[in-house]
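J.:
In full-length UniProt numbering, the protein residues as written are 1 to 890.
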């Protein structure tokens with residue numbers, strides 16, 4: 001018998017090695033060798049039964065990019081196959097029905113395509129079936145209702161565009177059902193038969209185009225623990241008996257059109273998460289919410305709720321986050337809220353509250369975020385807000401608070417944002433405020449603060465924004481204020497300051513500098529001159545500027561018309577002088593040159609034009625992208641050699657996340673770079689052009705964005721850490737991250753065009769090495785024109801901010817110039833980080849942690865000091881840890 005078992009184990013190892021070969025020997029399985037020490041049961045991916053045979057194979061995050069080999073079912077005792085988060089492109093592998101003992105199949109977060117087969121019920125032994133986040137289309141087959149052993153089924157985040165079968169109700173053992181983010185489904189209602197799923201504990205149908213009233217069948221699901229119907233088109237009232245189920249712990253109904261009052265009584269005493277925000281709810285907050293002693297998150301923001309905050313909220317001892325902002329609440333903040341021991345976040349802004357802040361706020365809790373701005377409060381600022389020293393942001397602006405600012409603010413060692421403007425504070429600026437080591441924003445404008453500006457304020461090394469305007473300050477401006485290295489916005493206007501304007505300000509290029517309406521003397525820095533002119537001579541400047549603008553514009557228009565006439569002639573193919581290929585090609589130089597016609601043109605700009613060219617016959621063809629870069633006859637030999645050397649390096653790159661440079665064709669007037677064609681275009685097209693109304697590319701949900709980020713950083717990480725010498729991209733941006741038909745991301749366009757264009761335009765030699773695009777360029781690169789890996793990290797950080805916020809890199813706001821500044825201002829102003837995230841995604845709490853992590857990672861990548869930025873390898877490691885476990889919402 002031992003001989004038989006030994007032979008079986010040897011055969012199983014051979015099967016594993018065969019699997020590795022059929023998966024094209026991925027580096028992630030390099031430990032799978034016949035020579036590996038010990039038996040294969042010690043391999044991390046393999047779990048064996050007590051008899052030594054393989055019964056589980058776990059291959060998540062292994063970057064597998066080939067179909068599942070049918071030979072996997074030769075492992076006859078296999079009960080689990082876990083392939084979560086890979087890049088496998090294939091139809092559904094129905095042949096896995098040959099794994100007769102299979103109980104768990106997880107192929108979620110891959111690139112599977114096509115329809116689910118009608119004989120899917122051949123996988124009858126399955127208990128756990130995860131298909132989330134693939135590209136399956138068509139109907140969900142009714143035969144899935146025959147898989148009677150299923151206890152967990154997730155079909156979320158696919159491209160199903162048919163119907164949801166009522167036969168799912170036959171799965172009497174089902175405990176988890178995920179049908180979320182089926183965003184291209186026709187409008188539908190939950191089949192009433194789903195009320196027969198008596199064992200169901202978890203139901204998630206968020207963002208899936210549901211319509212109609214709240215589905216009454218939910219009331220029959222007496223074991224339901226988790227319910228999410230958020231992000232749909234549901235309307236009407238919330239049923240009165242919804243909160244009678246004592247098993248409920250999480251209810252997410254936000255971002256619908258529910259109306260009426262929040263129902264009561266509340267008997268679901270186990271509730272921990274209640275999200276009803278972004279509806280049209282009216283009436284008052286039920287008083288018996290105070291019975292929910294297990295409640296951790298209460299989010300009722302962005303409704304039309306009236307009345308007062310119930311006094312019994314002071315009994316919610318486990319409450320971590322209270323969000324009631326943007327309603328019509330009135331009355332006082334209950335004193336008991338100040339005594340809650342676990343409270344971290346309070347957001348009550350944009351209401352009509354009155355009275356004083358509870359004096360015990362912060363005394364008993366680990367308060368981190370506190371925003372009660374614009375609600376009409378009076379009284380004094382509590383002394384104990386920083387009792388635990390964890391407060392990160394303090395927003396109480398636009399109220400009627402009075403009294404002196406407490407010295408106890410100096411205990412807030414983690415405080416970054418202080419915004420107390422538009423109140424009635426008096427007295428001096430506390431010296432303790434100037435000792436806060438992390439303070440980045442201090443806004444005290446429009447109060448009645450007097451005395452001098454503390455001289456020690458210049459020691460705040462991270463202070464970015466200082467606004468003390470419209471107060472009663474006297475004395476001199478601290479002479480060393482111009483040496484504050486992080487200072488970017490300074491407004492001291494509307495005071496009674498005197499003395500000389502500090503000479504150190506003459507050498508600062510602040511985005512905002514206003515010293516007007518004081519009694520200052522001395523030489524005026526250029527920035528101050530702008531502020532004064534803005535008051536006294538703005539109209540004249542505007543008229544002069546407009547006159548100058550129209551003259552220059554007309555001149556440029558004439559020059560452009562002349563240039564376009566010349567360029568029409570230049571577009572004709574010229575004889576070439578060099579053809580360099582980097583791969584085995586199925587086309588010739590003539591195939592490319594003869595296809596550079598207007599009908600194939602898909603883009604143009606200052607650097608040249610881009611063509612999409614079909615190679616081959618109508619029945620057997622493939623696409624390539626050709627980038628034509630203009631070049632002048634004056635390009636010198638040195639530049640040509642540099643360009644040729646660079647494309648030689650790039651042409652040798654072989655990586656799944658870098659666009660293949662197939663060949664280069666050189667002529668006297670242009671360079672033609674021939675790349676593999678990427679069907680889904682660039683990332684910026686999917687992120688931004690929909691918002692501009694230029695196109696309707698479809699949804700780009702968070703898991704896809706995260707996967708794009710991981711793909712892109714893998715390509716950049718390879719360039720930085722696996723190439724010798726390291727390759728610097730120099731122009732990382734969302735338009736240079738291309739997506740194939742399955743949304744796999746690849747890095748493209750390594751700044752080769754910039755090298756030639758800048759030379760053609762006659763820029764100085766010192767500038768010829770500068771690549772990059774506004775909004776993405778690292779500050780030190782813009783100044784010194786020296787590129788290194790940290791410049792790419794900065795640019796990729798901007799891309800991460802784009803992915804998290806949905807905003808363009810060039811986005812501006814009052815006082816900020818570009819997305820990076822906007823993001824830092826958002827952080828430093830103490831705003832809720834969730835409000836910075838893409839509004840199309842941020843109301844989905846299941847991914848808020850990941851989105852916030854990516855947002856913060858983007859900030860870390862864009863710090864001003866290059867040495868403080870992470871390496872690309874560190875960025876990759878952080879993003880790879882950002883996956884979503886199955887315990888989260890599907």
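Yeah, the Cβ is synthetic: ideal placement off N, Cα and C, and Gly gets one too.
As the structure is a prediction and not an experimental result, all values here were calculated from the model.
(1) By the DSSP assignment, the alpha helix (DSSP H) with residue 895 in it spans what residues?
(2) Quick one: what's got a C-beta closer than 8 Å to residue 511's C-beta in the same chain, skipping five residues either side?
(3) Rounded to whole angstroms, what is the Cα-Cα separation between residue 189 and residue 854?
(4) Between 240, 102, 136, which has its C-alpha nearest residue 122's C-alpha?
(5) Drop a sphere of 10 angstroms on the beta-carbon of residue 68, count the other beta-carbons inside from all chains shown, and report buried for 16 or more, exposed for fewer.
(6) Quick check on this structure: which residue in 125, 198, 209, 591 has the alpha carbon closest to the alpha carbon of residue 159?
(7) Within 10 angstroms of its Cβ, does residue 839 collect 16 or more other Cβ (buried), or is it exposed?
(8) Return the first residue and the last residue of the alpha helix (DSSP H) that residue 710 is part of.
(9) According to the neighbour-count rule (16 or more other Cβ atoms, all chains shown, within 10 Å of its Cβ), is residue 400 buried or exposed?
(10) Just the C-alpha distance for residue 590 and residue 92, rounded to the nearest angstrom, thanks.
(11) If we count the other Cβ atoms within 10 Å of its Cβ and call it buried at 16 or more, is residue 206 buried or exposed?
(12) Is it buried or exposed, residue 21, if we count other Cβ atoms within 10 angstroms and call 16 or more buried?
(13) Taking 7 Å as the CB-CB limit, is residue 180 close to chain D?
(14) Please report the Cβ distance between residue 118 and residue 143, rounded to the nearest whole angstrom; I am assuming they are in contact, meaning their Cβ atoms lie under 8 Å.
(15) DSSP on residue 188, reduced to helix/strand/coil?
(16) Measuring straight from C-alpha to C-alpha, what distance separates residue 481 and residue 420?
(17) Hey, how far is the Cα of residue 172 from the Cα of residue 223?
(18) Between residue 788 and the rest of its own chain, which residues show a CB-CB distance below 8 Å, the 5 nearest in sequence each way excluded?
(19) Terminal residues of the continuous beta strand (DSSP E) containing residue 879?
(20) Pick helix, strand or coil for residue 82, following the three-state DSSP scheme.
(21) Relative to the C-alpha of residue 60, which candidate in 73, 53, 74, 45 has its C-alpha closest?
(22) Going by Cα to Cα distance, which pick from 298, 731, 196 is closest to residue 253?
(23) Pick out whichever of 302, 456, 186, 328 has its Cα sitting closest to the Cα of residue 275.
(24) Closest by CA to residue 35, which one among 251, 126, 13?
(25) Rounded to the nearest angstrom, what separates residue 716 and residue 53 at their Cα positions?
(26) Is residue 296 near the ligand SAH, in the sense that its beta carbon is under 6 Å from a heavy atom of that ligand?
(27) Which value, in whole angstroms, describes the spacing of the CA atoms of residue 871 and residue 793?
(28) Within 10 angstroms of its Cβ, does residue 49 collect 16 or more other Cβ (buried), or is it exposed?
(29) Going residue by residue through the segment 1-60, where are the continuous beta strand (DSSP E) segments of at least 3 residues, counting only ones entirely within it?
(30) Less than 7 Å between the beta carbons of residue 498 and residue 519, yes or no?
(31) Determine the extent of the alpha helix (DSSP H) in which residue 178 is found, giving its start and end residues.
(32) Secondary structure at residue 854, three-state DSSP: helix, strand or coil?
(33) When you compare only the Cα positions, how much space is there between residue 726 and residue 650?
(34) Specify the secondary structure class of residue 419 as computed by DSSP and reduced to three states.
(35) According to DSSP, simplified to helix, strand and coil, what is residue 129?
(36) Is it right to say residue 148 is buried, meaning 16 or more other beta carbons lie within 10 angstroms of its own, or is it exposed?
T.: Taking the definition as stated:
(1) The structure shown does not extend to residue 895, since the chain spans only 1 to 890, so no value can be given for it.
(2) Residue mapping note: residue 511 aligns to position 511 of the chain shown, counting from 1. Its chain contains 488, 489, 815, 816, 817, 821 as the residues whose beta carbon lies nearer than 8 Å to that of residue 511, once the 5 sequence neighbours on both sides are disregarded; these appear in chain order.
(3) Position 189 of the chain shown holds residue 189. Position 854 of the chain shown holds residue 854. Computed Cα separation, rounded: 35 Å.
(4) Taking the chain shown and counting its residues from 1, one reaches residue 122 at position 122. For residue 122, the nearest C-alpha among the options comes from 102.
(5) Position 68 of the chain shown, counting from 1, holds the residue named residue 68. Flag for residue 68 reads buried.
(6) Residue 159 sits at position 159 when you count from the first residue of the chain shown. For residue 159, the nearest C-alpha among the options comes from 209.
(7) Taking the first residue of the chain shown as position 1, residue 839 is located at position 839. Exposed, by the Cβ-count rule.
(8) Looking up residue 710 in the chain shown gives position 710. For residue 710, the enclosing alpha helix (DSSP H) has its first and last residue at 702-721.
(9) Locating residue 400 in the chain shown gives position 400, counting from the first residue. Within a 10 Å sphere around the beta-carbon of residue 400 sit fewer than 16 other beta-carbons, which makes this residue exposed.
(10) In the chain shown, the residue the question calls residue 590 occupies position 590. In the chain shown, the residue the question calls residue 92 occupies position 92. Cα to Cα, residue 590 sits roughly 41 Å from residue 92.
(11) Here the question's residue 206 lines up with position 206 in the chain shown. Here residue 206 is buried: its Cβ has 16 or more other Cβ atoms, across all protein chains shown, within 10 Å.
(12) For this step, residue 21 is matched to residue 21 along the chain shown. By the neighbour-count rule (16 or more Cβ atoms within 10 Å), residue 21 is not buried but exposed.
(13) Among the chains in the structure shown there is no chain D, since it carries only a single protein chain.
(14) Translated into the one-based positions of the chain shown, residue 118 becomes position 118. Translated into the one-based positions of the chain shown, residue 143 becomes position 143. Contact check for residue 118 and residue 143: beta-carbon distance about 6 Å, within the 8 Å limit, so the pair qualifies.
(15) The residue given as residue 188 occupies position 188 in the chain shown. DSSP places residue 188 in strand when its eight states are reduced to three.
(16) Taking the first residue of the chain shown as 1, we reach residue 481 at position 481. Taking the first residue of the chain shown as 1, we reach residue 420 at position 420. One Cα belongs to residue 481, the other to residue 420, and the distance between them is close to 22 Å.
(17) Your numbering for residue 172 matches position 172 in the chain shown. Your numbering for residue 223 matches position 223 in the chain shown. Straight across, the Cα-Cα distance linking residue 172 with residue 223 is about 13 Å.
(18) For this step, residue 788 is matched to residue 788 along the chain shown. A distance below 8 Å between beta-carbons, with the five flanking residues on each side excluded, links residue 788 to the following residues of its chain, in chain order: 728, 866.
(19) For the purposes of this step, residue 879 is taken as the residue at position 879 of the chain shown. First-last for residue 879: 872-880, but that is the alpha helix (DSSP H), not the beta strand (DSSP E).
(20) Reading the chain shown from its first residue, position 82 is the one you call residue 82. In the displayed model, residue 82 falls within a strand according to three-state DSSP.
(21) As a first step, residue 60 is located in the chain shown; it is residue number 60 there, counting from the start. Cα-wise, what sits closest to residue 60 is 45.
(22) Taking the first residue of the chain shown as 1, we reach residue 253 at position 253. It is 298.
(23) Translated into the one-based positions of the chain shown, residue 275 becomes position 275. Among 302, 456, 186, 328, the Cα nearest to that of residue 275 belongs to 302.
(24) Counting from 1 along the chain shown, the entry for residue 35 is found at position 35. Closest by alpha carbon: 13.
(25) Taking the chain shown and counting its residues from 1, one reaches residue 716 at position 716. Taking the chain shown and counting its residues from 1, one reaches residue 53 at position 53. So the alpha carbons of these two residues sit roughly 40 Å apart.
(26) Within the structure as shown, the ligand SAH is missing, as the structure has no ligands at all.
(27) For this step, residue 871 is matched to residue 871 along the chain shown. For this step, residue 793 is matched to residue 793 along the chain shown. Taking the straight line joining both Cα atoms gives about 7 Å.
(28) Residue mapping note: residue 49 aligns to position 49 of the chain shown, counting from 1. The C-beta of residue 49 has fewer than 16 other C-beta atoms within 10 Å across all chains shown, which makes the residue exposed.
(29) Fully enclosed beta strand (DSSP E) runs of 3 or longer: 46-48, 54-58.
(30) Locating residue 498 in the chain shown gives position 498, counting from the first residue. Locating residue 519 in the chain shown gives position 519, counting from the first residue. For residue 498 and residue 519, yes; Cβs fall inside 7 Å.
(31) Here residue 178 refers to the residue found at position 178 when the chain shown is read from its first residue. Where residue 178 is concerned, there is no enclosing alpha helix (DSSP H), although the beta strand (DSSP E) it sits in stretches over 176-178.
(32) Taking the first residue of the chain shown as 1, we reach residue 854 at position 854. DSSP places residue 854 in helix when its eight states are reduced to three.
(33) The count along the chain shown starts at 1 and reaches residue 726 at position 726. The count along the chain shown starts at 1 and reaches residue 650 at position 650. Distance between the alpha carbons of residue 726 and residue 650 is about 11 Å.
(34) Position 419 of the chain shown, counted from the start, is the residue given in the question as residue 419. Residue 419 falls in the strand class under three-state DSSP.
(35) Along the chain shown, read from residue 1 onward, the residue named residue 129 stands at position 129. Strand at residue 129.
(36) As a first step, residue 148 must be located in the chain shown, where it is residue number 148. Its Cβ having fewer than 16 others within 10 Å, residue 148 is exposed.
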